[in-house]
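Please read the structure below before turning to the comments.
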Amino acid sequence: IIEPMAQIIARPDAQDNGIIPNNDALSLVFDDTTLFQIDKFSGYDQMEGGTRANVGIRYNAQTDSGIRVGGVFGQSYHLAGQNPFPTGTGLETDRSDYVAALYFSPISSIEISNRIRLDESDFDSRRYDLEVAGSYGAITSSVIYSNIASDPQQGIEDDREEIQGLAKLRLDENWS
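Yeah, the sequence shown ends on 171 if you go by our numbering, and it's all consecutive.
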């Protein structure tokens, strides 16, 4: 399935963005999972206002044997109003950075995800994530490697690499 997607969001400017201290919306990650969200901020202290168009294309395929492959590519356009996004987010200009992802699942219990954010002017990599996630019975786990470009506006002077891990044991329907 090849699915072109487009979305226009028209909202009034978020007048209180400059007044309210930003404590919980600092960790904004712009990628394929947030491209079509109505508000891309990660918390409640900041809100996305103005008019924005989000466009992209999604690809999904599944074989008879259960192998799944998917991909997303897109960009966001600030059309009108005040752009509330700070420098370094990939959304601070009228044309956002490009976001892309590739998903591969050889069996239903394993998924490998690649995500990348590319600078809109020179295609330099701003963020790259590689995730391997799996499940076996009541156990789920994932490992994520991230390569993140520096962001002097947020006080991060150097490029950085991160590895995150998660493991979860489901005890019953309500507890894990």
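Ideal Cβ placement from N, Cα and C applies to all residues, glycine included.
Residue i - DSSP class collapsed to helix/strand/coil
| i | result |
| --- | --- |
| Gln149 | helix |
| Gln77 | coil |
| Pro7 | coil |
| Lys35 | coil |
| Glu168 | coil |
| Thr46 | strand |
| Ser108 | strand |
| Leu125 | strand |
| Ile(-3) | strand |
| Ser120 | strand |
| Leu86 | coil |
Residue i versus residue j: straight-line alpha-carbon distance, rounded
| i | j | result |
| --- | --- | --- |
| Val50 | Gln149 | 28 Å |
| Ile83 | Asp146 | Sequence check: residue 83 is Gly here, not Ile. Each residue's alpha carbon lies about 6 Å from the other. |
| Arg47 | Phe80 | 12 Å |
| Ser130 | Gly76 | 44 Å |
| Ser120 | Ile107 | 20 Å |
| Glu115 | Val94 | 9 Å |
| Leu125 | Ser137 | 10 Å |
| Asp117 | Ser171 | 44 Å |
| Glu156 | Phe68 | 23 Å |
| Leu97 | Gln32 | 19 Å |
Start-to-end residues for the beta strand (DSSP E) that takes in residue i
| i | result |
| --- | --- |
| Thr211 | Residue numbering for the chain in the displayed model covers -4 to 171; residue 211 lies beyond these limits and cannot be assessed. |
| Phe25 | Run containing Phe25: none; DSSP gives neither H nor E here. |
| Ser116 | Counting along the chain, Ser116 falls outside any beta strand (DSSP E), and DSSP gives it neither H nor E. |
| Leu97 | 93 to 102 |
Member of the options whose CA lies at the smallest distance from the CA of residue i
| i | options | result |
| --- | --- | --- |
| Thr135 | Ala162, Pro101, Leu113 | Ala162 |
| Leu166 | Ala133, Tyr72, Asn109 | Ala133 |
| Gly100 | Gly69, Ala128, Asp8 | Sequence check: residue 100 is Ser here, not Gly. If we check each option's Cα against that of Ser100, Ala128 comes out closest. |
| Ile14 | Ser91, Gln159, Met0, Met42 | Met42 |
| Ser104 | Asp89, Tyr72, Leu113, Ile62 | Ile62 |
| Leu86 | Met0, Asp27, Ile(-3), Gln159 | Asp27 |
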